[in-house]
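J.:
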Amino acid sequence: MFVNRYLRLALLGLVGLVIVAVVAWWQVQGTRTMAPAARIGGPFQLTDHTGQTVTDAKFRGRQLLIYFGYTYCPDVCPTELAAMTQALDRLGPAADKIQPLFISIDPERDNPSHLADFVGLFHPRLVGLTGTAEQVAAVARAYRVYYAKAASKEGGTTGGKDYLMDHSSFIYWMDEEGGFIAVFSAGTAPDAIAERLKSRQPQ
Ligand code: NI
Numbered sequence: 179m180f181v182n183r184y185l186r187l188a189l190l191g192l193v194g195l196v197i198v199a200v201v202a203w204w205q206v207q208g209t210r211t212m213a214p215a216a217r218i219g220g221p222f223q224l225t226d227h228t229g230q231t232v233t234d235a236k237f238r239g240r241q242l243l244i245y246f247g248y249t250y251c252p253d254v255c256p257t258e259l260a261a262m263t264q265a266l267d268r269l270g271p272a273a274d275k276i277q278p279l280f281i282s283i284d285p286e287r288d289n290p291s292h293l294a295d296f297v298g299l300f301h302p303r304l305v306g307l308t309g310t311a312e313q314v315a316a317v318a319r320a321y322r323v324y325y326a327k328a329a330s331k332e333g334g335t336t337g338g339k340d341y342l343m344d345h346s347s348f349i350y351w352m353d354e355e356g357g358f359i360a361v362f363s364a365g366t367a368p369d370a371i372a373e374r375l376k377s378r379q380p381q
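First residue of the sequence shown: 179, per my numbering; consecutive thereafter.
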């Protein structure tokens, strides 16, 4: 019948609209839950190697190179911090706009005075940061950094100050607003890092 046919068309149209609405809602939900998982970086509050409390806001307006590690690290951390310094040296005067940071993932041993001795070995402008176990855990979480106490030389993981830390090893490159640009994996040549940094320096 004539009326029935129009009713059926209207119903089909309504069903179509509902499907479009559901798909749209599902996509919005999807992006909302995906976005935070993909974001690297975020606010932090830590203590620098001079004993001052600092937050991420202090470094706004400068690009950052951030390395997470610990001062007792026998190999990887010194190698990567040396690579970071060499990359900055190769960049020349443009490097003055880039702030290198070293964030300890071993706050139990890396107090500010200990960090002060350590950062001086690498770069005159390298800032060492440590904090409470909670503050360090929070910044590590924001940057997706893995770290854990490893077995001590005596074999146990409990007690004593003689232990190693397992940790992920990346140099994080952040922009002037604290946004993520890129990571350099361990072993990236200083020249390669310098080339990438150069590509994004204001002329
Ligand atoms: Ni290390």
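Each residue gets a CB set at the ideal place from its N, CA and C atoms; glycine is no exception.
In the DSSP output, what is Thr228 paired with across the bridge?
T.: As a first step, residue 228 must be located in the sequence shown, where it is residue number 50. In the DSSP output, where bridge partners are listed per residue, Thr228 has none listed.
J.: Compare the C-alpha of Pro278 against each of Val361, Val305 and Tyr341 and name the closest.
T.: Taking the sequence shown and counting its residues from 1, the one referred to as residue 278 is at position 100. Checking every option, the nearest Cα to that of Pro278 belongs to Val305.
J.: Rounded C-beta distance between Ala372 and Leu269? I'm assuming under 8 Å.
T.: Here residue 372 is taken as the residue at index 194 of the sequence shown, counted from 1. Here residue 269 is taken as the residue at index 91 of the sequence shown, counted from 1. That pair is a contact at about 5 Å.
J.: According to DSSP, is Ala215 helix, strand or coil?
T.: Within the sequence shown, residue 215 is the residue found at index 37, counting from 1. Note that Ala215 scores 47 on pLDDT, short of 50, meaning its location in the model is unreliable and no value can be drawn from it.
J.: How would you write the range of the alpha helix (DSSP H) that Thr257 sits in, first residue to last?
T.: The sequence position of residue 257 within the sequence shown is 79, counting from 1. Note, Thr257: alpha helix (DSSP H), Val254 to Leu269.
J.: Check this for me: beta carbons of His227 and Val317, under 8 Å apart or not?
T.: Taking the first residue of the sequence shown as position 1, residue 227 is located at position 49. Taking the first residue of the sequence shown as position 1, residue 317 is located at position 139. No.
J.: In the DSSP assignment, find the alpha helix (DSSP H) that holds Leu342 and state where it starts and stops.
T.: Along the sequence shown, read from residue 1 onward, the residue named residue 342 stands at position 164. Leu342 -> not in any alpha helix (DSSP H); beta strand (DSSP E) instead, spanning Tyr341 to His345.
J.: Helix, strand or coil for Gln241? Go by DSSP, reduced to three states.
T.: Within the sequence shown, the letter at position 63 stands for residue 241. It is a strand residue.
J.: Taking C-beta to C-beta, are Ser282 and Thr257 nearer than 8 Å?
T.: The count along the sequence shown starts at 1 and reaches residue 282 at position 104. The count along the sequence shown starts at 1 and reaches residue 257 at position 79. Going by C-beta atoms, Ser282 is not nearer than 8 Å to Thr257.
J.: Count the other CB atoms, across all protein chains shown, that sit within 10 Å of the CB of Pro285; report buried if there are 16 or more and exposed otherwise.
T.: Here the question's residue 285 lines up with position 107 in the sequence shown. It counts as buried.
J.: Span of the alpha helix (DSSP H) holding Ala311?
T.: By 1-based counting over the sequence shown, the position of residue 311 is 133. Its alpha helix (DSSP H) spans residues Ala311 to Ala320.
J.: Is there at least one non-hydrogen atom of ligand 1 closer than 7 Å to the beta-carbon of Val323?
T.: To locate residue 323, count along the sequence shown from 1; it is residue 145. Val323 Cβ: outside cutoff for every heavy atom of ligand 1.
J.: CB-CB under 6 Å to Phe246, same chain, minus the five flanking residues each way: which ones, in chain order?
T.: Taking the sequence shown and counting its residues from 1, the one referred to as residue 246 is at position 68. Taken in chain order, the residues that qualify are Ile281, Ile283 and Val323.
J.: Quick one: Cα of Gly309 to Cα of Lys376, how far?
T.: Your numbering for residue 309 matches position 131 in the sequence shown. Your numbering for residue 376 matches position 198 in the sequence shown. Whole-angstrom Cα-Cα distance: 32 Å.
J.: Taking 5 Å as the limit, name every residue whose beta carbon sits nearer than that to some heavy atom of ligand 1, in sequence order.
T.: Any residue whose Cβ sits closer than 5 Å to a heavy atom of ligand 1 makes the list: Gly247, Cys251, Val254 and Cys255.
J.: Assuming Gly356 and Asp234 make a contact with CB atoms under 8 Å, what is their CB distance in whole Å?
T.: Residue mapping note: residue 356 aligns to position 178 of the sequence shown, counting from 1. Residue mapping note: residue 234 aligns to position 56 of the sequence shown, counting from 1. Confirmed, about 6 Å.
J.: Between the alpha carbons of Val254 and Pro380, how many angstroms are there, rounded?
T.: Residue 254 sits at position 76 when you count from the first residue of the sequence shown. Residue 380 sits at position 202 when you count from the first residue of the sequence shown. Going by the C-alpha atoms only, they are around 31 Å apart.
J.: Ordered along the chain, which non-local residues of its own chain (more than five positions away) have a Cβ less than 7 Å from that of Pro368?
T.: Counting from one through the sequence shown, the residue named residue 368 turns up at place 190. Ala261, Gln264, Ala265 and Arg268, listed in sequence order.
J.: Do you know whose CA, among Leu242, Phe237, Pro290 and His345, lies nearest Ala273's CA?
T.: Taking the first residue of the sequence shown as position 1, residue 273 is located at position 95. The option with the nearest alpha carbon to Ala273 is Leu242.
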